[in-house]
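Note that the sequence shown covers residues 1218 to 1708 in my numbering. Heads up, the beta-carbon is just placed ideally off N, CA and C, and yes, glycines get one too. Worksheet: one structure, shown below.
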Amino acid sequence: MVRRAYVMASLEQYFALLINFTVLVIMARILTPGEIGEAVTGLAIAVVAFSAREFVTPEFLIQRNTVDAEALRTALTLQVAVSAVIAAALVALSGLVARFYAAPDLSFFLLLAAAAGLAESLAQPVIALLRREMGFGALACIRTAVSLTTALVTIALAILGFGPISFAWGMLAGSITLAMLAVACSPFPAAAIFRPGLARWREVLAFGLFKGAALVVERIHETVPQLILGRIASMTSVALYNRSNALCGIPDRIIMSAFHSMAFPALASRVREGRDIEKTYLGVLAYLSVLYWPGAALISLLAPSIVGIVLGPQWAQAVPVVRVLALAAVFWLPVIVTGPLLLALGRNRDAFLASLVSRCFAAGILCAASLYGVMAMALSQFVSLPLQMLVALVFVHRHVRFSLLGLLTALMPSAVVTGFSLAGPVVLLALPGHSDAGLPGFCAAILLAGIGWLIGLLATRHPFLVELHILFAAGRDHARRLRRFLVASGA
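Below you can see the structure in the form of C-alpha coordinates.
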(Lines of atoms letter the chains of each structure in order from A and count residues from 1; the text may use other names and numbers.)
(Lines give C-alpha, C1' and ligand atoms only; values in the text may rest on other atoms or scores of the structure.)
Protein backbone atom coordinates (compact mmCIF):
# COMPACT_ATOMS: atom_id res chain seq x y z
CA MET A 1 0.00 0.00 0.00
CA VAL A 2 2.75 2.45 1.00
CA ARG A 3 4.90 1.49 -1.99
CA ARG A 4 1.99 2.01 -4.38
CA ALA A 5 1.22 5.36 -2.74
CA TYR A 6 4.83 6.45 -3.22
CA VAL A 7 4.75 5.39 -6.88
CA MET A 8 1.54 7.36 -7.50
CA ALA A 9 2.90 10.39 -5.64
CA SER A 10 6.13 10.09 -7.64
CA LEU A 11 4.26 9.99 -10.94
CA GLU A 12 2.44 13.15 -9.95
CA GLN A 13 5.72 14.84 -9.11
CA TYR A 14 7.31 13.73 -12.38
CA PHE A 15 4.47 15.20 -14.39
CA ALA A 16 4.57 18.39 -12.32
CA LEU A 17 8.34 18.58 -12.70
CA LEU A 18 8.10 18.15 -16.46
CA ILE A 19 5.43 20.84 -16.71
CA ASN A 20 7.22 23.27 -14.41
CA PHE A 21 10.50 22.58 -16.16
CA THR A 22 8.88 23.47 -19.47
CA VAL A 23 7.54 26.70 -17.97
CA LEU A 24 10.99 27.47 -16.55
CA VAL A 25 12.68 27.00 -19.91
CA ILE A 26 10.13 28.98 -21.93
CA MET A 27 9.64 31.85 -19.48
CA ALA A 28 13.40 32.29 -19.07
CA ARG A 29 13.54 33.10 -22.77
CA ILE A 30 10.41 35.28 -22.96
CA LEU A 31 10.87 37.47 -19.88
CA THR A 32 13.98 39.27 -18.67
CA PRO A 33 15.59 38.29 -15.34
CA GLY A 34 14.23 41.52 -13.86
CA GLU A 35 10.66 40.67 -14.88
CA ILE A 36 10.99 37.16 -13.49
CA GLY A 37 12.37 38.64 -10.27
CA GLU A 38 9.26 40.82 -9.97
CA ALA A 39 7.00 37.79 -10.40
CA VAL A 40 9.03 35.82 -7.85
CA THR A 41 8.64 38.67 -5.37
CA GLY A 42 4.86 38.75 -5.81
CA LEU A 43 4.58 35.00 -5.46
CA ALA A 44 6.79 35.03 -2.35
CA ILE A 45 4.60 37.62 -0.63
CA ALA A 46 1.46 35.62 -1.40
CA VAL A 47 3.06 32.38 -0.18
CA VAL A 48 4.06 33.92 3.15
CA ALA A 49 0.63 35.48 3.62
CA PHE A 50 -1.41 32.35 2.87
CA SER A 51 0.84 30.11 4.95
CA ALA A 52 -1.02 31.54 7.97
CA ARG A 53 -4.10 29.47 7.09
CA GLU A 54 -2.19 26.36 8.13
CA PHE A 55 -3.20 27.27 11.68
CA VAL A 56 -6.58 25.83 10.66
CA THR A 57 -5.21 23.12 8.39
CA PRO A 58 -7.66 20.42 7.27
CA GLU A 59 -4.89 17.84 7.76
CA PHE A 60 -6.32 17.09 11.19
CA LEU A 61 -8.67 14.84 9.19
CA ILE A 62 -5.74 12.52 8.42
CA GLN A 63 -5.24 11.62 12.08
CA ARG A 64 -8.93 11.04 12.90
CA ASN A 65 -10.14 7.45 13.20
CA THR A 66 -13.31 8.41 11.34
CA VAL A 67 -14.32 11.44 9.28
CA ASP A 68 -17.85 12.80 9.47
CA ALA A 69 -19.63 15.66 7.74
CA GLU A 70 -19.23 17.96 10.76
CA ALA A 71 -15.46 17.61 10.66
CA LEU A 72 -15.41 18.40 6.94
CA ARG A 73 -17.69 21.41 7.36
CA THR A 74 -15.52 22.78 10.15
CA ALA A 75 -12.39 22.33 8.07
CA LEU A 76 -13.92 24.10 5.07
CA THR A 77 -15.48 26.93 7.08
CA LEU A 78 -12.25 27.79 8.86
CA GLN A 79 -10.15 27.50 5.70
CA VAL A 80 -12.40 29.82 3.72
CA ALA A 81 -12.79 32.32 6.57
CA VAL A 82 -9.06 32.63 7.26
CA SER A 83 -8.24 32.74 3.53
CA ALA A 84 -10.77 35.54 3.04
CA VAL A 85 -9.13 37.60 5.80
CA ILE A 86 -5.68 37.03 4.30
CA ALA A 87 -6.91 37.91 0.81
CA ALA A 88 -8.49 41.14 2.07
CA ALA A 89 -5.23 42.09 3.82
CA LEU A 90 -3.23 41.43 0.65
CA VAL A 91 -5.53 43.62 -1.41
CA ALA A 92 -5.42 46.40 1.17
CA LEU A 93 -1.61 46.37 1.35
CA SER A 94 -0.93 45.78 -2.34
CA GLY A 95 -0.39 49.45 -3.16
CA LEU A 96 2.05 49.90 -0.27
CA VAL A 97 4.04 46.83 -1.36
CA ALA A 98 4.20 48.07 -4.95
CA ARG A 99 5.59 51.43 -3.81
CA PHE A 100 8.08 49.75 -1.45
CA TYR A 101 9.61 47.78 -4.34
CA ALA A 102 9.08 50.55 -6.92
CA ALA A 103 7.19 48.01 -9.04
CA PRO A 104 3.68 49.29 -9.94
CA ASP A 105 2.58 45.94 -11.43
CA LEU A 106 2.93 44.25 -8.04
CA SER A 107 -0.34 45.80 -6.87
CA PHE A 108 -2.47 44.02 -9.46
CA PHE A 109 -0.29 40.90 -9.11
CA LEU A 110 -1.18 40.64 -5.41
CA LEU A 111 -4.87 41.20 -6.14
CA LEU A 112 -4.87 38.19 -8.48
CA ALA A 113 -2.83 36.17 -5.96
CA ALA A 114 -5.42 36.96 -3.28
CA ALA A 115 -8.22 35.68 -5.50
CA ALA A 116 -6.20 32.53 -6.26
CA GLY A 117 -5.60 31.80 -2.58
CA LEU A 118 -9.29 32.20 -1.78
CA ALA A 119 -10.31 29.83 -4.58
CA GLU A 120 -7.71 27.27 -3.50
CA SER A 121 -9.08 27.17 0.05
CA LEU A 122 -12.27 25.47 -1.22
CA ALA A 123 -10.25 22.40 -2.22
CA GLN A 124 -8.09 21.89 0.87
CA PRO A 125 -10.44 19.70 2.97
CA VAL A 126 -11.04 17.33 0.05
CA ILE A 127 -7.30 17.14 -0.65
CA ALA A 128 -6.66 16.22 2.99
CA LEU A 129 -9.40 13.58 2.84
CA LEU A 130 -7.93 12.01 -0.29
CA ARG A 131 -4.50 11.93 1.36
CA ARG A 132 -6.01 10.26 4.42
CA GLU A 133 -7.45 7.51 2.25
CA MET A 134 -4.14 7.22 0.35
CA GLY A 135 -5.99 8.26 -2.81
CA PHE A 136 -2.85 9.41 -4.56
CA GLY A 137 -4.10 8.29 -7.96
CA ALA A 138 -6.94 10.82 -7.85
CA LEU A 139 -4.60 13.43 -6.39
CA ALA A 140 -2.11 12.85 -9.18
CA CYS A 141 -4.80 13.44 -11.81
CA ILE A 142 -6.08 16.57 -10.07
CA ARG A 143 -2.68 18.16 -9.55
CA THR A 144 -1.48 17.30 -13.04
CA ALA A 145 -4.55 19.00 -14.52
CA VAL A 146 -3.92 22.03 -12.28
CA SER A 147 -0.25 22.20 -13.29
CA LEU A 148 -1.16 21.99 -16.99
CA THR A 149 -3.77 24.74 -16.67
CA THR A 150 -1.40 27.01 -14.77
CA ALA A 151 1.42 26.41 -17.25
CA LEU A 152 -0.65 26.94 -20.39
CA VAL A 153 -2.23 30.17 -19.14
CA THR A 154 1.11 31.53 -17.91
CA ILE A 155 2.98 30.79 -21.14
CA ALA A 156 0.16 31.99 -23.40
CA LEU A 157 -0.16 35.33 -21.62
CA ALA A 158 3.61 35.81 -21.52
CA ILE A 159 3.77 35.29 -25.29
CA LEU A 160 0.98 37.88 -25.67
CA GLY A 161 3.09 40.39 -23.75
CA PHE A 162 1.48 40.38 -20.30
CA GLY A 163 4.88 40.25 -18.61
CA PRO A 164 5.21 39.23 -14.93
CA ILE A 165 1.41 39.40 -14.45
CA SER A 166 1.11 36.25 -16.58
CA PHE A 167 2.33 34.23 -13.56
CA ALA A 168 -0.49 35.61 -11.40
CA TRP A 169 -3.17 34.88 -14.01
CA GLY A 170 -1.78 31.35 -14.37
CA MET A 171 -1.93 30.86 -10.60
CA LEU A 172 -5.55 32.03 -10.50
CA ALA A 173 -6.55 29.70 -13.35
CA GLY A 174 -4.85 26.78 -11.61
CA SER A 175 -6.56 27.51 -8.27
CA ILE A 176 -10.01 27.62 -9.86
CA THR A 177 -9.29 24.33 -11.64
CA LEU A 178 -8.15 22.78 -8.35
CA ALA A 179 -11.34 23.83 -6.55
CA MET A 180 -13.58 22.47 -9.29
CA LEU A 181 -11.80 19.10 -9.59
CA ALA A 182 -11.56 18.63 -5.82
CA VAL A 183 -15.30 19.11 -5.43
CA ALA A 184 -15.93 16.68 -8.29
CA CYS A 185 -13.66 14.01 -6.75
CA SER A 186 -14.85 14.39 -3.15
CA PRO A 187 -15.91 11.11 -1.46
CA PHE A 188 -18.62 13.15 0.31
CA PRO A 189 -21.45 14.90 -1.60
CA ALA A 190 -20.94 18.64 -1.99
CA ALA A 191 -24.18 19.35 -0.11
CA ALA A 192 -22.72 17.67 2.99
CA ILE A 193 -19.51 19.70 2.90
CA PHE A 194 -20.37 23.16 1.59
CA ARG A 195 -22.36 24.29 4.58
CA PRO A 196 -21.00 26.43 7.41
CA GLY A 197 -20.07 24.58 10.57
CA LEU A 198 -17.71 24.97 13.53
CA ALA A 199 -18.51 21.90 15.62
CA ARG A 200 -14.89 20.64 15.55
CA TRP A 201 -13.08 23.98 15.80
CA ARG A 202 -11.21 23.04 18.99
CA GLU A 203 -9.84 19.92 17.33
CA VAL A 204 -8.72 21.91 14.29
CA LEU A 205 -6.92 24.52 16.37
CA ALA A 206 -5.30 21.93 18.64
CA PHE A 207 -3.82 20.17 15.61
CA GLY A 208 -3.02 23.25 13.55
CA LEU A 209 -1.44 25.44 16.22
CA PHE A 210 2.03 23.95 16.00
CA LYS A 211 1.84 22.85 12.37
CA GLY A 212 0.72 26.31 11.27
CA ALA A 213 3.44 28.05 13.23
CA ALA A 214 6.03 25.65 11.82
CA LEU A 215 4.89 26.28 8.25
CA VAL A 216 4.86 30.05 8.71
CA VAL A 217 8.44 29.92 9.96
CA GLU A 218 9.37 27.67 7.02
CA ARG A 219 7.83 30.03 4.47
CA ILE A 220 9.51 33.04 6.07
CA HIS A 221 12.82 31.21 5.90
CA GLU A 222 12.29 30.42 2.22
CA THR A 223 11.01 33.79 1.02
CA VAL A 224 12.02 36.67 3.28
CA PRO A 225 15.74 36.58 2.34
CA GLN A 226 14.71 36.90 -1.32
CA LEU A 227 12.35 39.77 -0.45
CA ILE A 228 15.22 41.55 1.32
CA LEU A 229 17.48 40.86 -1.66
CA GLY A 230 14.90 42.40 -3.99
CA ARG A 231 14.80 45.58 -1.91
CA ILE A 232 18.54 45.89 -1.18
CA ALA A 233 19.92 44.71 -4.52
CA SER A 234 17.61 44.27 -7.53
CA MET A 235 14.86 42.13 -9.01
CA THR A 236 17.52 40.55 -11.25
CA SER A 237 19.36 39.30 -8.15
CA VAL A 238 16.12 37.78 -6.87
CA ALA A 239 15.64 36.00 -10.19
CA LEU A 240 19.21 34.63 -10.19
CA TYR A 241 18.87 33.19 -6.69
CA ASN A 242 15.36 31.85 -7.27
CA ARG A 243 16.12 30.19 -10.59
CA SER A 244 19.35 28.71 -9.21
CA ASN A 245 17.32 27.28 -6.34
CA ALA A 246 14.80 25.90 -8.83
CA LEU A 247 17.51 24.04 -10.74
CA CYS A 248 19.06 22.69 -7.54
CA GLY A 249 15.60 21.62 -6.39
CA ILE A 250 15.13 19.14 -9.24
CA PRO A 251 16.22 16.13 -7.12
CA ASP A 252 14.04 17.47 -4.32
CA ARG A 253 11.03 17.68 -6.65
CA ILE A 254 11.61 14.21 -8.10
CA ILE A 255 12.37 12.34 -4.89
CA MET A 256 11.66 14.32 -1.75
CA SER A 257 8.40 16.01 -2.72
CA ALA A 258 6.84 12.69 -3.69
CA PHE A 259 7.94 11.30 -0.34
CA HIS A 260 6.67 14.34 1.56
CA SER A 261 3.21 14.24 -0.01
CA MET A 262 2.57 10.72 1.31
CA ALA A 263 5.00 10.57 4.26
CA PHE A 264 2.67 11.76 7.01
CA PRO A 265 -0.23 9.38 6.24
CA ALA A 266 2.16 6.48 5.53
CA LEU A 267 4.22 6.97 8.69
CA ALA A 268 1.05 7.50 10.73
CA SER A 269 -0.18 4.15 9.41
CA ARG A 270 3.11 2.48 10.48
CA VAL A 271 2.79 3.97 13.97
CA ARG A 272 -0.83 2.76 14.31
CA GLU A 273 0.29 -0.72 13.28
CA GLY A 274 3.04 -0.75 15.91
CA ARG A 275 5.92 -1.13 13.44
CA ASP A 276 9.60 -0.66 14.38
CA ILE A 277 9.93 3.10 13.88
CA GLU A 278 13.73 3.15 14.25
CA LYS A 279 14.12 0.65 11.43
CA THR A 280 11.59 2.54 9.34
CA TYR A 281 13.34 5.89 9.91
CA LEU A 282 16.83 4.63 9.04
CA GLY A 283 15.43 2.74 6.05
CA VAL A 284 13.75 5.89 4.73
CA LEU A 285 17.03 7.81 5.05
CA ALA A 286 18.93 5.06 3.23
CA TYR A 287 16.43 4.96 0.36
CA LEU A 288 16.18 8.72 -0.05
CA SER A 289 19.92 9.37 0.21
CA VAL A 290 20.82 6.93 -2.56
CA LEU A 291 18.48 8.83 -4.89
CA TYR A 292 18.96 12.39 -3.63
CA TRP A 293 22.71 12.65 -3.08
CA PRO A 294 23.81 11.56 -6.59
CA GLY A 295 21.27 13.97 -8.12
CA ALA A 296 22.46 16.96 -6.09
CA ALA A 297 26.13 16.18 -6.75
CA LEU A 298 25.52 15.83 -10.49
CA ILE A 299 23.75 19.20 -10.68
CA SER A 300 26.76 20.86 -9.05
CA LEU A 301 29.16 19.11 -11.40
CA LEU A 302 27.16 19.79 -14.58
CA ALA A 303 25.99 23.32 -13.66
CA PRO A 304 27.34 25.08 -16.81
CA SER A 305 25.54 22.67 -19.13
CA ILE A 306 22.32 22.72 -17.07
CA VAL A 307 22.12 26.52 -16.90
CA GLY A 308 22.89 26.88 -20.61
CA ILE A 309 20.33 24.27 -21.67
CA VAL A 310 17.52 25.26 -19.32
CA LEU A 311 17.83 29.01 -18.84
CA GLY A 312 19.93 30.12 -21.81
CA PRO A 313 23.16 32.08 -22.14
CA GLN A 314 21.69 35.26 -20.57
CA TRP A 315 21.68 33.45 -17.21
CA ALA A 316 25.41 32.57 -17.13
CA GLN A 317 25.78 34.39 -13.79
CA ALA A 318 23.71 31.63 -12.19
CA VAL A 319 26.35 28.91 -12.76
CA PRO A 320 28.47 29.46 -9.61
CA VAL A 321 25.31 29.96 -7.54
CA VAL A 322 23.90 26.63 -8.76
CA ARG A 323 27.15 24.84 -7.97
CA VAL A 324 27.27 26.10 -4.40
CA LEU A 325 23.56 25.53 -3.66
CA ALA A 326 23.62 21.98 -5.07
CA LEU A 327 26.62 20.97 -2.97
CA ALA A 328 25.09 22.41 0.19
CA ALA A 329 21.83 20.55 -0.50
CA VAL A 330 23.34 17.20 0.57
CA PHE A 331 22.78 18.29 4.18
CA TRP A 332 19.05 18.75 3.58
CA LEU A 333 18.21 15.03 3.55
CA PRO A 334 17.31 14.34 7.24
CA VAL A 335 15.38 17.58 7.57
CA ILE A 336 12.52 16.70 5.28
CA VAL A 337 11.85 13.41 7.10
CA THR A 338 11.63 15.01 10.54
CA GLY A 339 8.28 16.83 10.31
CA PRO A 340 6.19 13.95 8.94
CA LEU A 341 7.77 11.49 11.39
CA LEU A 342 7.12 13.62 14.48
CA LEU A 343 3.56 14.36 13.35
CA ALA A 344 2.96 10.65 12.81
CA LEU A 345 4.19 9.99 16.35
CA GLY A 346 1.74 12.59 17.63
CA ARG A 347 4.57 14.93 18.64
CA ASN A 348 3.13 18.07 17.05
CA ARG A 349 4.83 20.32 19.58
CA ASP A 350 8.26 18.86 18.86
CA ALA A 351 7.65 19.08 15.10
CA PHE A 352 6.91 22.76 15.59
CA LEU A 353 9.89 23.37 17.85
CA ALA A 354 12.28 21.55 15.49
CA SER A 355 11.12 23.68 12.60
CA LEU A 356 11.07 26.87 14.66
CA VAL A 357 14.58 26.48 16.06
CA SER A 358 16.26 25.43 12.82
CA ARG A 359 14.38 27.84 10.54
CA CYS A 360 14.87 30.82 12.82
CA PHE A 361 18.63 30.32 12.87
CA ALA A 362 18.69 29.61 9.12
CA ALA A 363 16.47 32.58 8.28
CA GLY A 364 18.70 34.88 10.33
CA ILE A 365 21.78 33.59 8.53
CA LEU A 366 20.19 33.97 5.08
CA CYS A 367 18.78 37.40 5.79
CA ALA A 368 22.17 38.63 6.99
CA ALA A 369 23.84 37.11 3.93
CA SER A 370 21.31 38.70 1.57
CA LEU A 371 22.75 42.10 2.45
CA TYR A 372 25.95 41.05 0.66
CA GLY A 373 24.47 39.64 -2.54
CA VAL A 374 23.48 36.42 -4.25
CA MET A 375 26.73 34.48 -3.81
CA ALA A 376 26.87 35.28 -0.10
CA MET A 377 23.35 33.84 0.26
CA ALA A 378 24.40 30.69 -1.57
CA LEU A 379 27.54 30.20 0.56
CA SER A 380 25.57 30.76 3.75
CA GLN A 381 23.73 27.50 3.03
CA PHE A 382 26.85 25.64 4.11
CA VAL A 383 26.11 26.99 7.58
CA SER A 384 22.31 27.01 7.66
CA LEU A 385 21.64 23.53 6.18
CA PRO A 386 24.06 21.59 8.44
CA LEU A 387 22.54 23.46 11.38
CA GLN A 388 19.04 22.42 10.34
CA MET A 389 20.21 18.83 9.87
CA LEU A 390 21.68 18.74 13.38
CA VAL A 391 18.50 20.14 14.95
CA ALA A 392 16.37 17.61 13.04
CA LEU A 393 18.45 14.66 14.22
CA VAL A 394 18.37 15.85 17.83
CA PHE A 395 14.58 16.16 17.88
CA VAL A 396 14.00 12.81 16.18
CA HIS A 397 16.42 11.12 18.60
CA ARG A 398 14.13 12.11 21.49
CA HIS A 399 11.52 9.65 20.24
CA VAL A 400 13.43 7.28 17.94
CA ARG A 401 16.48 5.99 19.79
CA PHE A 402 18.76 5.35 16.84
CA SER A 403 22.53 5.29 17.38
CA LEU A 404 25.14 7.36 15.55
CA LEU A 405 26.68 4.12 14.31
CA GLY A 406 23.30 2.97 13.03
CA LEU A 407 22.81 6.27 11.21
CA LEU A 408 26.25 6.11 9.59
CA THR A 409 25.71 2.46 8.66
CA ALA A 410 22.44 3.39 6.94
CA LEU A 411 23.96 6.31 5.01
CA MET A 412 27.46 5.10 4.16
CA PRO A 413 26.40 2.84 1.24
CA SER A 414 24.60 5.80 -0.33
CA ALA A 415 27.75 7.92 -0.07
CA VAL A 416 29.70 5.17 -1.85
CA VAL A 417 27.04 4.91 -4.56
CA THR A 418 27.25 8.70 -5.03
CA GLY A 419 31.00 8.35 -5.62
CA PHE A 420 30.41 5.68 -8.24
CA SER A 421 27.81 7.91 -9.92
CA LEU A 422 30.25 10.82 -10.21
CA ALA A 423 33.23 8.82 -11.49
CA GLY A 424 32.13 8.64 -15.13
CA PRO A 425 31.03 12.28 -15.52
CA VAL A 426 34.23 13.53 -13.84
CA VAL A 427 36.38 11.58 -16.30
CA LEU A 428 34.27 12.83 -19.22
CA LEU A 429 34.54 16.48 -18.17
CA ALA A 430 38.30 16.11 -17.67
CA LEU A 431 38.75 15.27 -21.36
CA PRO A 432 39.87 18.19 -23.59
CA GLY A 433 36.89 20.14 -24.97
CA HIS A 434 34.32 18.47 -22.73
CA SER A 435 34.15 20.91 -19.82
CA ASP A 436 30.83 22.24 -21.20
CA ALA A 437 29.80 20.25 -24.25
CA GLY A 438 26.18 21.34 -24.24
CA LEU A 439 23.30 18.91 -24.62
CA PRO A 440 25.30 15.95 -26.11
CA GLY A 441 27.91 16.14 -23.35
CA PHE A 442 25.20 16.49 -20.72
CA CYS A 443 23.36 13.40 -21.99
CA ALA A 444 26.61 11.40 -22.08
CA ALA A 445 27.41 12.45 -18.51
CA ILE A 446 23.94 11.43 -17.30
CA LEU A 447 24.27 8.04 -19.01
CA LEU A 448 27.65 7.44 -17.38
CA ALA A 449 26.26 8.53 -14.02
CA GLY A 450 23.37 6.07 -14.35
CA ILE A 451 25.74 3.21 -15.16
CA GLY A 452 27.95 4.17 -12.21
CA TRP A 453 24.90 4.34 -9.94
CA LEU A 454 23.84 0.80 -10.81
CA ILE A 455 27.40 -0.49 -10.33
CA GLY A 456 27.52 1.27 -6.96
CA LEU A 457 24.24 -0.34 -5.86
CA LEU A 458 25.57 -3.79 -6.75
CA ALA A 459 29.00 -3.15 -5.19
CA THR A 460 27.51 -2.02 -1.86
CA ARG A 461 24.52 -4.38 -1.95
CA HIS A 462 22.42 -1.37 -1.17
CA PRO A 463 18.91 -2.04 0.29
CA PHE A 464 17.40 -0.09 -2.62
CA LEU A 465 18.20 -3.08 -4.85
CA VAL A 466 15.08 -4.70 -3.38
CA GLU A 467 12.96 -1.93 -4.88
CA LEU A 468 14.64 -2.34 -8.28
CA HIS A 469 13.95 -6.07 -8.21
CA ILE A 470 10.29 -5.41 -7.40
CA LEU A 471 10.13 -2.81 -10.19
CA PHE A 472 11.69 -5.16 -12.75
CA ALA A 473 9.40 -8.00 -11.68
CA ALA A 474 6.36 -5.77 -12.06
CA GLY A 475 7.60 -4.71 -15.49
CA ARG A 476 7.99 -8.32 -16.59
CA ASP A 477 4.48 -9.16 -15.37
CA HIS A 478 2.99 -6.24 -17.28
CA ALA A 479 4.94 -7.22 -20.41
CA ARG A 480 3.66 -10.80 -20.18
CA ARG A 481 0.07 -9.68 -19.74
CA LEU A 482 0.40 -7.31 -22.69
CA ARG A 483 1.88 -10.08 -24.84
CA ARG A 484 -0.94 -12.50 -23.91
CA PHE A 485 -3.50 -9.80 -24.69
CA LEU A 486 -1.97 -9.13 -28.09
CA VAL A 487 -1.83 -12.86 -28.92
CA ALA A 488 -5.45 -13.35 -27.80
CA SER A 489 -6.62 -10.39 -29.88
CA GLY A 490 -4.78 -11.66 -32.94
CA ALA A 491 -2.51 -8.61 -33.20
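{"Query": "Contact between the stretch 1606–1625 and the stretch 1563–1579: three or more CB pairs below 8 Å?", "Result": "yes"}
{"Query": "For Phe1379, name the three-state secondary structure that DSSP assigns.", "Result": "coil"}
{"Query": "Within a Cβ cutoff of 6 Å, which residues of the same chain sit near Phe1599, ignoring the five residues on either side of it in sequence?", "Result": "Ala1545"}
{"Query": "For His1686, is the classification buried or exposed, using 16 other Cβ atoms within 10 angstroms of its Cβ as the cut-off for buried?", "Result": "exposed"}
{"Query": "Are the CB atoms of Ala1586 and Ala1593 within a distance shorter than 7 Å?", "Result": "yes"}
{"Query": "Using the Cβ count rule (16 or more neighbours within 10 Å means buried), how would you classify Val1539?", "Result": "buried"}
{"Query": "Give me, in chain order, the residues of the same chain whose beta-carbon lies closer than 6 Å to that of Leu1347; leave out the 5 immediate sequence neighbours on both sides.", "Result": "Ala1355, Leu1356"}
{"Query": "For Ala1319 and Leu1588, I'd like the C-alpha separation in whole angstroms.", "Result": "19 Å"}
{"Query": "Specify whether the stretch 1385–1399 and the stretch 1331–1339 touch according to this definition: at least 3 beta carbon pairs, one from each stretch, less than 8 Å apart.", "Result": "yes"}
{"Query": "For Ala1263, tell me which candidate among Glu1252, Met1397, Val1308, Phe1232 has the shortest Cα-Cα distance.", "Result": "Val1308"}
{"Query": "By the DSSP assignment, the alpha helix (DSSP H) with Glu1252 in it spans what residues?", "Result": "1250–1267"}
{"Query": "Within a Cβ cutoff of 6 Å, which residues of the same chain sit near Leu1260, ignoring the five residues on either side of it in sequence?", "Result": "none"}
{"Query": "Taking all protein chains shown into account, do 16 or more other C-beta atoms lie within 10 angstroms of the C-beta of Pro1321, making it buried, or fewer, making it exposed?", "Result": "exposed"}
{"Query": "Entirely within the stretch 1366–1443 and at least 3 residues each: give me those beta strand (DSSP E) ranges in chain order.", "Result": "none"}
{"Query": "Note down, in chain order, each residue of its chain lying with its Cβ closer than 6 Å to the Cβ of Val1363, except the 5 sequence neighbours on either side.", "Result": "Gly1391, Thr1394, Leu1395"}
{"Query": "Verify whether the separation of the beta carbon atoms of Thr1274 and Leu1415 is less than 7 Å.", "Result": "no"}
{"Query": "What is the rounded straight-line gap between the Cα of Phe1317 and the Cα of Ser1311?", "Result": "10 Å"}
{"Query": "For Ile1236, collect the residues of the same chain with a Cβ closer than 7 Å to its Cβ; drop the 5 residues on either side in sequence, then sort them by chain order.", "Result": "Ser1364, Leu1365, Ala1368"}
{"Query": "Quick check: the Cα distance between Pro1342 and Leu1289, rounded to an integer number of angstroms?", "Result": "6 Å"}
{"Query": "Please say whether Met1629 and Pro1551 have beta carbons closer to each other than 7 Å?", "Result": "no"}
{"Query": "Quick one: is Asp1710 buried, meaning 16 or more other Cβ sit within 10 Å of its Cβ, or exposed?", "Result": "Outside the displayed span of the chain (1218 to 1708) sits residue 1710, for which this structure offers no information."}
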